[in-house]
Amino acid sequence: MKENAVKELTKQGCMVGREAADMLTEEDVELIRQLDTTPMYISKNMISNLRSKMSQQASKKKQVVKATADGGTEVEQETSSVPGDSSPEAVSETDISEGQTTEQEGKMDDSVIVSETSEEEKASEDEVEENSEDSSGDKALDEEVDESKLNNDIDDGQDEIYERKSSHFSKDKTVELRDSGDRDGMRTKVEVMDEYDINKEEKDVPEFLSYYNDRYDRMRKLLTRRTQLQSATTIKRLKNRDEGEQATTVGLVNDKYSTSSGKYIVEIEDKTGTFKALVDEREGDMIVPDEMIGLQGNMGGDIIYANNVVRPDLPIPQGQTATTEEDVKAAYISDLHIGSEDTLHERMNRFADWLSTDAASDIGYLVIAGDLVEGVGIYPGQEEELEVADIYDQYEMFEDWVDRIPEDIQIIAGPGNHDITRLSEPQPRIQEDVFPRIKDYDNFHRVQNPQTVRLHGIESKGLKHLMYHGYSFDDHVDRIQELRENAYDEPERVMIDLLKRRHLAPTYGSNQLSPEAVDHMVVEEEPDVMVSGHFHSHAVSSYKGVNVVCSSTFQAQTDFQKRVGHEPDPGKVTLMNFKNRKTEVKQF
Numbered sequence: 059m060k061e062n063a064v065k066e067l068t069k070q071g072c073m074v075g076r077e078a079a080d081m082l083t084e085e086d087v088e089l090i091r092q093l094d095t096t097p098m099y100i101s102k103n104m105i106s107n108l109r110s111k112m113s114q115q116a117s118k119k120k121q122v123v124k125a126t127a128d129g130g131t132e133v134e135q136e137t138s139s140v141p142g143d144s145s146p147e148a149v150s151e152t153d154i155s156e157g158q159t160t161e162q163e164g165k166m167d168d169s170v171i172v173s174e175t176s177e178e179e180k181a182s183e184d185e186v187e188e189n190s191e192d193s194s195g196d197k198a199l200d201e202e203v204d205e206s207k208l209n210n211d212i213d214d215g216q217d218e219i220y221e222r223k224s225s226h227f228s229k230d231k232t233v234e235l236r237d238s239g240d241r242d243g244m245r246t247k248v249e250v251m252d253e254y255d256i257n258k259e260e261k262d263v264p265e266f267l268s269y270y271n272d273r274y275d276r277m278r279k280l281l282t283r284r285t286q287l288q289s290a291t292t293i294k295r296l297k298n299r300d301e302g303e304q305a306t307t308v309g310l311v312n313d314k315y316s317t318s319s320g321k322y323i324v325e326i327e328d329k330t331g332t333f334k335a336l337v338d339e340r341e342g343d344m345i346v347p348d349e350m351i352g353l354q355g356n357m358g359g360d361i362i363y364a365n366n367v368v369r370p371d372l373p374i375p376q377g378q379t380a381t382t383e384e385d386v387k388a389a390y391i392s393d394l395h396i397g398s399e400d401t402l403h404e405r406m407n408r409f410a411d412w413l414s415t416d417a418a419s420d421i422g423y424l425v426i427a428g429d430l431v432e433g434v435g436i437y438p439g440q441e442e443e444l445e446v447a448d449i450y451d452q453y454e455m456f457e458d459w460v461d462r463i464p465e466d467i468q469i470i471a472g473p474g475n476h477d478i479t480r481l482s483e484p485q486p487r488i489q490e491d492v493f494p495r496i497k498d499y500d501n502f503h504r505v506q507n508p509q510t511v512r513l514h515g516i517e518s519k520g521l522k523h524l525m526y527h528g529y530s531f532d533d534h535v536d537r538i539q540e541l542r543e544n545a546y547d548e549p550e551r552v553m554i555d556l557l558k559r560r561h562l563a564p565t566y567g568s569n570q571l572s573p574e575a576v577d578h579m580v581v582e583e584e585p586d587v588m589v590s591g592h593f594h595s596h597a598v599s600s601y602k603g604v605n606v607v608c609s610s611t612f613q614a615q616t617d618f619q620k621r622v623g624h625e626p627d628p629g630k631v632t633l634m635n636f637k638n639r640k641t642e643v644k645q646f
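The number in our numbering is simply the position in the sequence shown, starting from 1, with 58 added.
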C-alpha cells in the first residue's frame, strides 16, 4: 500500500521524504491530488497538516435552508458520517433573518445552502490551531516563550486583517493595541564589530586563490583548538605514516562518493596535498563539499580509516552567558517584502503602532534580517505578483512604515536576496539613495550581510548579534537528507548546523559568491545571538549559549510556496530581554 502510494506521487513529479513515505496512505495521495497545485516535496509535517485539515472539514456541519409551500422555512442540519449518527435532524423555522430572501410567487424556490459553523465547532477549531502552535513551539530547543503576556482577544472589526492567515495562526494569541501612552526614552548603543570593505571589481583566479587560502588558514585555527585535533599533521607528513598508525589531520573536502557497502570515500586537501579517508554512512551523509573538517583514525596504506569526523563547532560556554546591566529588549523581524501583492500591510502597521504603546516601552532595538522589499526581476513572472512595480516606490513605502516607529528605537537593517544591492555575498549595505528621507535618521543603521553587530554595550559588553539573511540555506538543506525533511518547518536546525561548521555557506555554489581577500562567511567570532530569515518560518532556540532566532515574515503564502508545499508563519515577532536572555513571541 505504502509503496504504491509513493510510486503514484513519484509519477506526478513529487519527491517524498523518508518519514513521509513510512506513513503515506492512498487516502493521503487523494488529499494531495485535491490541492490546487502539486507540491514538489512531501514531508511528514505536510501529510500531518493535510490530515488535520481534512479532519476539521469532516467535523463541520451544514444547514440547508429551504422555502416551504406555506411561506415558512425549514432548516435541515447535515452532519458528517461518524459512528453514532443516524439521519440528519430537521428543524422548522417561521422566519428568516434579515437580509435573506426567497422567491415565493406561487411555487417553491430552489434550495439555498448556507454553510454555518456552531460555536462549539469554532472553539474546537481554535483549540486545534492553538495545539498546532504549541506543538510547533515545543520543537524549538531550549525556547523560553512567555505566551501568557499575549492578549486573548482582538477587535471583531479587524478580523479582515487576518483573512490570509496560516495554520500556525492562533487568534486568541494576537496582540491587542490597548493603549498608546508616552514612551520613556532609554539609552541605546549600536556598534558594527566586523566592518569590512567590499571590492566591487571583477574577480579572477588569483582572487579565488586568496579567498580559499584565507578560509583554510582561519578554519584550521578553529579546528586545531579542538582537543581531538591538537596533534593534527599535514597531509604531506601523513603519507609517511605506516599502516595501522594513528592519524589525525584537517583539510577542505575536495570530493565525496559512496561505496557498495554504504560507506563513503572522502577526499580532503590542504596546502601540501590530498588524501582519502573512509567514513561511515552516518558521518558521510553529513559531509558537504568544500567544508573544513578534521579526521581521526588509523592509516590503511593510502587511506585513513576514520573513526571520527570533527568540526570546528562552538566551544562549550564557560560561566554565565553575556547579558546587560539594563533591562532592555530587542525585536526581531525579517522578510517584509513590501511591494508584493501578498504583503500583509495591516499586520505590519499593527506591529509598528504597538511599538508606540506602553507595552513596548522597554524595546530599544529592532533588528531586520533582510528582504525589506519584494524587489523587481528577482524571478520569472514576478511582475504579475507585484502590487508596486517600481523598486524605488517600494523603498518609499518602507520609509513610510519606518516613520511609524518611535525614534528612540534603533533600527538595524541588512539586505537580503530581494533587495536592491548585489546578490553575491557578502552583500554591501543597501545603497542610501533609496532612503532619501530616513538615511540620515540617528536611529536607522544600514549594515552588510553577513554582519556582526554589538547591541547595548553600555556598562557591559553588550550582546554580539550575527546577522545573516540566509540565502545559502536552501542549497545547504538540499544537500543533507536530515535537513531536507525538517528544516523548512524547523529552521533553527539549519542555523545550528552551520554554527557547528563555523561557516555560513560552506559549499561553493550554495550562494552567489564574491571572492574577497577575506572569507567573511567564516563564523570566527562566537556570537551571543544568531538572527536570520529567508525561510518565512519562525523559530526560537538556543545552542551552546547562543540564542538562535529565525525571524518571521510579513508576507502571506506565495504561489511558489504553494507549489513546493511550504506554508509560511507570518506576523510573529520575537522579543529578547538582554538582561536575562529570555525570549517571548508576539503575534500581530
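Yeah, the Cβ is synthetic: ideal placement off N, Cα and C, and Gly gets one too. Since we're looking at a predicted model, the values are computed, not measured.
Exposure of residue i, with buried meaning 16 or more beta-carbon neighbours within 10 Å
{"i": "tyrosine 389", "result": "According to the sequence displayed, residue 389 carries alanine and not tyrosine. So alanine 389 counts as buried."}
{"i": "threonine 285", "result": "exposed"}
{"i": "glutamine 485", "result": "buried"}
{"i": "arginine 295", "result": "exposed"}
{"i": "proline 438", "result": "exposed"}
{"i": "methionine 104", "result": "buried"}
{"i": "valine 100", "result": "For the record, residue 100 in the displayed sequence is isoleucine; it is not valine. Per the 10 Å Cβ criterion, buried."}
{"i": "proline 494", "result": "exposed"}
{"i": "tyrosine 315", "result": "exposed"}
{"i": "threonine 317", "result": "exposed"}
{"i": "isoleucine 374", "result": "exposed"}
Cβ pair residue i, residue j closer than 8 Å
{"i": "valine 311", "j": "isoleucine 351", "result": "yes"}
{"i": "isoleucine 467", "j": "tyrosine 423", "result": "yes"}
{"i": "valine 580", "j": "methionine 277", "result": "yes"}
{"i": "aspartate 328", "j": "tyrosine 363", "result": "no"}
{"i": "threonine 510", "j": "aspartate 252", "result": "yes"}
{"i": "asparagine 501", "j": "proline 473", "result": "no"}
{"i": "leucine 571", "j": "aspartate 555", "result": "no"}
{"i": "alanine 335", "j": "glycine 355", "result": "yes"}
{"i": "glutamate 543", "j": "serine 224", "result": "no"}
{"i": "proline 585", "j": "threonine 611", "result": "no"}
{"i": "alanine 410", "j": "isoleucine 463", "result": "yes"}
{"i": "lysine 630", "j": "histidine 596", "result": "yes"}
Euclidean distance between Cα positions of residue i and residue j
{"i": "arginine 405", "j": "leucine 524", "result": "27 Å"}
{"i": "glutamate 550", "j": "valine 589", "result": "10 Å"}
{"i": "aspartate 86", "j": "glutamate 77", "result": "14 Å"}
{"i": "valine 434", "j": "tyrosine 453", "result": "12 Å"}
{"i": "aspartate 393", "j": "glycine 302", "result": "54 Å"}
{"i": "valine 308", "j": "leucine 557", "result": "18 Å"}
{"i": "lysine 708", "j": "threonine 332", "result": "Residue numbering for the chain in the displayed model covers 59 to 646; residue 708 lies beyond these limits and cannot be assessed."}
{"i": "isoleucine 469", "j": "aspartate 420", "result": "14 Å"}
{"i": "valine 64", "j": "arginine 621", "result": "18 Å"}
{"i": "glutamate 696", "j": "asparagine 605", "result": "Past the edges of the chain, shown from 59 to 646, lies residue 696, and the structure says nothing about it."}
{"i": "lysine 387", "j": "threonine 632", "result": "10 Å"}
{"i": "leucine 521", "j": "asparagine 635", "result": "11 Å"}
{"i": "glutamate 84", "j": "glutamate 642", "result": "41 Å"}
{"i": "glutamate 445", "j": "isoleucine 426", "result": "22 Å"}
{"i": "glutamine 440", "j": "alanine 614", "result": "15 Å"}
{"i": "glutamate 465", "j": "methionine 244", "result": "11 Å"}
{"i": "methionine 166", "j": "arginine 91", "result": "Confidence is the limiting factor: at methionine 166 the pLDDT is only 36, short of 50, which leaves the residue's position unreliable and the question unanswerable from this model."}
{"i": "lysine 261", "j": "threonine 246", "result": "39 Å"}
{"i": "asparagine 475", "j": "leucine 481", "result": "6 Å"}
{"i": "glutamine 115", "j": "isoleucine 436", "result": "37 Å"}
Close Cβ partners of residue i (< 6 Å) along its chain, the five nearest in sequence each way excluded
{"i": "serine 289", "result": "Thr306"}
{"i": "methionine 455", "result": "Ile396"}
{"i": "aspartate 313", "result": "Glu325"}
{"i": "valine 460", "result": "Ile496"}
{"i": "threonine 443", "result": "The question names threonine, yet the displayed sequence has glutamate at residue 443. Hits under 6 Å: Glu399."}
Inter-residue CB distance, residue i and residue j (contact presumed, cutoff 8 Å)
{"i": "glutamate 249", "j": "lysine 637", "result": "Between lysine 637 and glutamate 249 the Cβ distance is about 19 Å, and since that is not below 8 Å, they are no contact."}
{"i": "lysine 321", "j": "aspartate 300", "result": "About 23 Å; that fails the 8 Å criterion."}
{"i": "valine 367", "j": "glutamate 341", "result": "5 Å"}
Nonlocal neighbours in the same chain, by C-beta distance under 7 Å from residue i, ignoring five residues either side
{"i": "serine 530", "result": "Leu562, Ala563, Ser568 and Asn569"}
{"i": "aspartate 477", "result": "Gly428, Asp429, Leu430, Val431, Gly433 and Ile488"}
{"i": "glutamate 88", "result": "none"}
{"i": "glycine 528", "result": "Ser590, Gly591, His592 and Phe593"}
{"i": "leucine 208", "result": "Residue confidence is low: leucine 208 scores 40 on pLDDT, short of 50, so the model does not pin down where it sits. Its coordinate-derived value is still stated next. These residues qualify, in order along the chain: Lys231, Val233, Lys644 and Gln645."}
{"i": "aspartate 348", "result": "Leu310, Val311, Pro564, Thr565 and Tyr566"}
{"i": "glutamine 304", "result": "Asn356"}
Cut-off 8 Å between Cβ atoms - residues of its own chain near residue i, not counting five sequence neighbours on either side
{"i": "glutamate 582", "result": "Arg276, Leu280 and Arg560"}
{"i": "valine 492", "result": "Ile449, Tyr450, Tyr453 and Ile478"}
Contact test: residue i Cβ vs the ligand GDP heavy atom, cutoff 7 Å
{"i": "asparagine 298", "result": "Among the ligands in the structure shown, none appear at all, so the ligand GDP cannot be discussed."}
Beta carbon proximity, residue i to chain D, threshold 8 Å
{"i": "valine 346", "result": "Absent from the structure is chain D; it holds one protein chain and no more."}
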